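For the record, the sequence lines run as chains B and X. Using my numbering, you'd call the opening residue of the first sequence number 183 and step up by one each time. Using my numbering, you'd call the opening residue of the second sequence number 183 and step up by one each time. Reviewing the structure listed below.
2 protein chains.
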Amino acid sequence: MQKNRVNLKHLSTPCVLVDKDVVKNNCKRMIDRAIELGVNIRPHMKTHKTLEIGQFQVSGLDYSRVIVSTLSEAEFFSSQFKDILYAIPISPNKLTHALFIHSKIDDLHLMIDHRDHIDHLVEHLKNSGDNSNLKKYWSVFLKIDCGYHRAGCQPDSPDTIELVDYITKGRYSHYFKFQGIYTHSGHSYKCQTPKEIEQIAISEATVAGNFGKILKQLGYPCPTVSIGSTPVCSHLPQNLKELGVTEIHPGNYVFYDLMGMELGNCKLSDVGVSVLATVISVYPDRNELLLDSGSLALSSDPGCTHLINRTTPNFGIFADDPNLRLVAVTQEIGKVQSTNQSPIPFEKYPIGSRVKIIPNHSCLTAAMFSNYHVISSKDNYEITTETFVPNKHW
Amino acid sequence: MQKNRVNLKHLSTPCVLVDKDVVKNNCKRMIDRAIELGVNIRPHMKTHKTLEIGQFQVSGLDYSRVIVSTLSEAEFFSSQFKDILYAIPISPNKLTHALFIHSKIDDLHLMIDHRDHIDHLVEHLKNSGDNSNLKKYWSVFLKIDCGYHRAGCQPDSPDTIELVDYITKGRYSHYFKFQGIYTHSGHSYKCQTPKEIEQIAISEATVAGNFGKILKQLGYPCPTVSIGSTPVCSHLPQNLKELGVTEIHPGNYVFYDLMGMELGNCKLSDVGVSVLATVISVYPDRNELLLDSGSLALSSDPGCTHLINRTTPNFGIFADDPNLRLVAVTQEIGKVQSTNQSPIPFEKYPIGSRVKIIPNHSCLTAAMFSNYHVISSKDNYEITTETFVPNKHW
Chain B
183 MQKNRVNLKH LSTPCVLVDK DVVKNNCKRM IDRAIELGVN IRPHMKTHKT
233 LEIGQFQVSG LDYSRVIVST LSEAEFFSSQ FKDILYAIPI SPNKLTHALF
283 IHSKIDDLHL MIDHRDHIDH LVEHLKNSGD NSNLKKYWSV FLKIDCGYHR
333 AGCQPDSPDT IELVDYITKG RYSHYFKFQG IYTHSGHSYK CQTPKEIEQI
383 AISEATVAGN FGKILKQLGY PCPTVSIGST PVCSHLPQNL KELGVTEIHP
433 GNYVFYDLMG MELGNCKLSD VGVSVLATVI SVYPDRNELL LDSGSLALSS
483 DPGCTHLINR TTPNFGIFAD DPNLRLVAVT QEIGKVQSTN QSPIPFEKYP
533 IGSRVKIIPN HSCLTAAMFS NYHVISSKDN YEITTETFVP NKHW
Chain X
183 MQKNRVNLKH LSTPCVLVDK DVVKNNCKRM IDRAIELGVN IRPHMKTHKT
233 LEIGQFQVSG LDYSRVIVST LSEAEFFSSQ FKDILYAIPI SPNKLTHALF
283 IHSKIDDLHL MIDHRDHIDH LVEHLKNSGD NSNLKKYWSV FLKIDCGYHR
333 AGCQPDSPDT IELVDYITKG RYSHYFKFQG IYTHSGHSYK CQTPKEIEQI
383 AISEATVAGN FGKILKQLGY PCPTVSIGST PVCSHLPQNL KELGVTEIHP
433 GNYVFYDLMG MELGNCKLSD VGVSVLATVI SVYPDRNELL LDSGSLALSS
483 DPGCTHLINR TTPNFGIFAD DPNLRLVAVT QEIGKVQSTN QSPIPFEKYP
533 IGSRVKIIPN HSCLTAAMFS NYHVISSKDN YEITTETFVP NKHW
């Protein structure tokens with residue numbers, strides 16, 4: 183964390199602003215919800231990739247469990263977190279790095295969903311020699327598919343039970359600490375309504391919880407049943423624990439974004455990140471503005487294109503005037519039109535004026551920047567006094 | 183440029199590979215074409231943002247004119263290039279930086295398309311005091327709209343002539359060096375066929391050329407008429423010079439990409455950039471693979487979604503097997519299916535195997551990485567011996 187005091191009007195644009203009050207509040211609300219439901223929370227670091235927000239996400243918890251999406255993040259966060267899940271199926275080329283990080287902390291958990299993953303893990307330990315600085319076991323989560331169909335074993339397939347048997351009772355079971363199961367309901371981002379998200383939350387919890395119960399009935403360990411996605415974690419059923427879930431793992435909720443608003447996961451006032459942009463030209467003849475923020479600032483994520491009530495492209499909205507939206511982004515330029523072609527108040531947006539843009543997808547937008555300017559109600563959102571520096575790349 | 187010798191199989195994934203032979207060839211071909219047509223070439227640096235490829239783009243030319251898309255790039259390239267156009271409408275918050283760069287080189291040209299731009303430029307010089315290290319004039323290009331409708335004045339509007347009059351003969355004309363006109367045919371990326379791109383090339387050249395001729399007939403200077411976009415520059419008419427064009431300004435052609443292939447600007451063998459990815463899981467049941475390369479490696483650019491003969495999503499193809507394509511990208515994961523659901527040859531792609539992905543949009547993909555691994559036919563594409571480091575951010 184670097185300290186400084188800069189008026190927002192002196193910041194170069196485009197840049198990212200992070201509202202510390204909102205982010206802290208989002209983090210606290212999710213922790214409170216997990217406690218209320220009697221489950222652990224294992225927050226994802228991938229949306230922000232900063233040590234500071236990572237700490238907000240586990241504030242007040244006895245033991246911090248976190249998730250990352252790259253090994254570079256795992257190493258970065260290992261300075262402060264000792265229980266880290268690398269939540270992408272593990273490939274053999276990443277094992278030397280993974281074992282190094284795993285050996286520095288309590289556990290770096292790896293994700294597997296195929297027998298070959300296990301064989302690679304075994305092979306690596308067999309070949310890792312007598313280096314006493316390195317652990318002689320892996321900690322693994324089994325990924326199961328709860329309907330998203332991106333990664334994961336099928337919970338109703340005999341092969342899946344066989345894989346658990348191999349990990350926990352097979353010839354090389356001494357190489358493994360089996361943590362249980364993990365599932366991710368990415369398809370919740372394709373819902374039309376909060377009601378549909380609630381249904382996915384119940385379905386994901388039921389599928390994962392039931393599979394955990396089956397494993398236990400069959401005599402296998404299954405200490406953790408972890409479910410997630412921010413939409414689902416914003417619409418969790420009250421009986422989550424009874425359904426068999428022990429842990430939730432949301433990530434995007436620290437910032438939320440326009441997708442979160444459109445899906446009904448949050449309100450505009452819950453969005454903790456925006457891109458500060460400058461108006462670079464105005465075209466009253468065609469009722470359009472241009473901003474200096476395009477694909478490299480906001481990302482090209484088109485957002486909730488599946489929503490039947492969204493008929494026009496949308497790459498972000500003005501925080502102070504949601505009626506104004508980016509309808510197209512090119513590398514360094516964003517084109518702004520108004521909803522329903524209502525007249526843009528050009529007197530409010532002369533060339534050189536600054537606007538805060540709520541991005542479609544905060545995970546991708548934040549990743550475009552090498553630092554975040556932190557703002558807060560305490561400084562009337564006029565001064566930035568801190569810079570958070572995210573981990574970058576792989 | 184950093185020197186090393188690394189076998190590609192030891193590179194961490196995802197990473198970017200740049201084929202130096204192909205890139206040099208793409209650069210030479212565009213230079214040759216400009217010479218053949220009797221026009222200057224002012225290549226864009228935004229696609230690669232490296233000093234090395236910048237030099238390939240002007241190899242053999244007497245005088246180097248280049249374009250950039252950010253002032254950060256302008257400053258970066260000012261170490262080697264002395265005639266730089268910052269090709270985004272200029273906003274007043276960027277003028278202190280711009281004047282500093284402008285004063286270090288022959289000329290940093292700025293882009294304007296509104297009277298307010300000119301007023302801001304005048305105001306800035308008036309207020310810049312007696313600092314003898316800073317120039318006392320601006321060099322400007324007038325952007326005109328040739329049908330793309332992103333930025334630019336209308337060439338058929340009397341206001342546009344009035345603006346040129348103000349710059350060249352107005353009260354503050356001593357503050358300006360007027361370079362002429364610039365237009366960008368971004369709408370060429372929305373064509374269905376090379377024939378349609380040829381039509382846009384003729385139309386852009388005609389609109390810009392005619393406007394340049396009108397300016398001269400009216401007694402205004404117009405030394406440069408610059409047209410561009412890689413699709414158009416890949417389909418230029420033979421009579422370009424007679425149409426009134428003096429300069430072309432392509433950028434994407436250094437790398438090309440899947441969009442370039444789909445639009446007919448290039449062949450697969452002309453694509454100079456790929457993302458090296460690792461297979462992280464396989465799902466024969468649903469005929470799918472997962473890669474460790476998602477939105478943060480490839481970008482979320484959906485590519486040529488407008489093509490009527492492209493019916494499925496496509497975020498990249500396997501360089502060695504174009505039948506295999508990424509149908510979805512999430513933050514760190516790419517999902518692969520085959521065209522027409524033909525069976526994926528899983529024996530060729532076990533977990534841990536590596537594949538080169540041709541991205542949809544090379545400008546956005548390259549920007550995702552902090553360095554490029556350079557490969558060449560001389561090393562059989564097995565060893566990387568150089569790393570090019572791009573300028574990043576703003």
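Beta carbons are placed, not taken as given, at the ideal position from N, Cα and C, and that holds for glycine. Fair warning: this is a prediction, and the values are worked out from it, not measured in the lab.
Are the CB atoms of residue i and residue j nearer to each other than 9 Å?
i, j, result
"valine 464 of chain X", "aspartate 298 of chain B", "yes"
"aspartate 474 of chain B", "proline 196 of chain B", "yes"
"leucine 506 of chain X", "serine 520 of chain X", "yes"
"leucine 546 of chain X", "aspartate 483 of chain X", "yes"
"serine 194 of chain X", "tryptophan 576 of chain B", "yes"
"proline 432 of chain B", "isoleucine 223 of chain B", "yes"
"proline 504 of chain B", "isoleucine 462 of chain B", "no"
"leucine 253 of chain B", "histidine 279 of chain B", "yes"
"cysteine 415 of chain X", "leucine 445 of chain X", "no"
"leucine 219 of chain X", "isoleucine 557 of chain X", "no"
"isoleucine 287 of chain X", "leucine 267 of chain X", "no"
"proline 376 of chain B", "asparagine 447 of chain B", "yes"
"phenylalanine 258 of chain X", "methionine 293 of chain X", "no"
"serine 321 of chain B", "lysine 359 of chain B", "yes"
"leucine 418 of chain B", "arginine 215 of chain B", "yes"
"proline 403 of chain X", "threonine 350 of chain X", "yes"
Is it right to say residue i is buried, meaning 16 or more other beta carbons lie within 10 angstroms of its own, or is it exposed?
i, result
"leucine 400 of chain B", "exposed"
"lysine 318 of chain X", "exposed"
"asparagine 428 of chain B", "The sequence as given places threonine at residue 428 of chain B; asparagine does not occur at that position. Per the 10 Å Cβ criterion, buried."
"glycine 242 of chain B", "exposed"
"lysine 276 of chain B", "buried"
"arginine 187 of chain X", "exposed"
"asparagine 562 of chain B", "exposed"
"aspartate 201 of chain X", "buried"
What's the gap between the Cα of residue i and the Cα of residue j?
i, j, result
"leucine 450 of chain B", "threonine 232 of chain B", "23 Å"
"tyrosine 435 of chain X", "asparagine 208 of chain X", "6 Å"
"isoleucine 217 of chain B", "histidine 543 of chain X", "45 Å"
"lysine 580 of chain X", "phenylalanine 393 of chain X", "Chain X is shown only over 183 to 576; residue 580 of chain X falls outside these bounds and no answer can be derived."
"valine 518 of chain B", "leucine 489 of chain B", "20 Å"
"asparagine 469 of chain B", "threonine 493 of chain B", "19 Å"
"isoleucine 283 of chain B", "glutamate 234 of chain B", "20 Å"
"glutamate 514 of chain X", "leucine 199 of chain B", "24 Å"
"alanine 479 of chain X", "valine 457 of chain X", "8 Å"
"aspartate 338 of chain B", "leucine 397 of chain B", "12 Å"
"tyrosine 348 of chain X", "glycine 368 of chain X", "28 Å"
"glutamate 380 of chain X", "arginine 211 of chain X", "18 Å"
"threonine 512 of chain B", "valine 455 of chain B", "21 Å"
"aspartate 203 of chain B", "lysine 560 of chain B", "9 Å"
"cysteine 373 of chain X", "isoleucine 382 of chain X", "9 Å"
"methionine 183 of chain B", "serine 370 of chain X", "Confidence at methionine 183 of chain B is low in this model, with a pLDDT of 49, below 50, so its placement is unreliable and no value can be given for it."
"alanine 548 of chain X", "alanine 501 of chain X", "16 Å"
"phenylalanine 437 of chain B", "asparagine 553 of chain B", "15 Å"
Figure out for me which residue from the options has the closest Cα to the Cα of residue i.
i, options, result
"alanine 411 of chain B", "B/Asp301, B/Tyr364, B/Lys423, B/Ile396", "It should be pointed out that residue 411 of chain B corresponds to serine in this sequence rather than to alanine. Residue B/Tyr364 is the option with its Cα nearest to serine 411 of chain B."
"isoleucine 213 of chain B", "B/Asp203, B/Pro527, B/Val240, B/Asn189", "B/Val240"
"proline 271 of chain B", "X/Gly534, X/Pro572, X/His296", "X/Gly534"
"asparagine 313 of chain B", "B/Lys423, B/Tyr402, B/Ala549, B/Leu281", "B/Leu281"
"aspartate 353 of chain X", "X/Asp295, X/Met441, X/Ile300", "The question names aspartate, yet the displayed sequence has arginine at residue 353 of chain X. Closest by alpha carbon: X/Ile300."
"threonine 569 of chain X", "X/Ile294, X/Asp338, X/Phe551", "X/Phe551"
"alanine 269 of chain X", "X/Ala501, X/Gly334, X/Tyr371", "X/Gly334"
"serine 161 of chain X", "X/Gly516, X/Asp467, X/Ala501, X/Thr460", "Lying outside 183 to 576, the shown extent of chain X, residue 161 of chain X is not represented and no answer is given."
"proline 527 of chain X", "X/Arg247, X/Pro466, X/Ile379", "X/Pro466"
"threonine 406 of chain X", "X/Asp201, X/Val221, X/Phe437", "X/Val221"
"histidine 366 of chain X", "X/Ile384, X/Tyr357, X/Glu255", "X/Ile384"
"asparagine 522 of chain X", "X/Ser273, X/Tyr357, X/Asn496, X/Leu472", "X/Asn496"
Along chain D, which residues have their Cβ under 8 Å away from the Cβ of residue i?
i, result
"isoleucine 287 of chain B", "The chain labelled as chain D is not found among the protein chains of the depicted structure, namely B and X."
Decide yes or no for the touch test of the segment 224-234 of chain B against the segment 259-266 of chain B: beta carbon pairs closer than 8 Å, at least 3 of them. yes
Would you call the segment 301-315 of chain B and the segment 326-345 of chain B in contact, with 3 or more CB pairs under 8 Å? no
Between the segment 380-396 of chain B and the segment 328-338 of chain B, are three or more C-beta pairs nearer than 8 Å? yes
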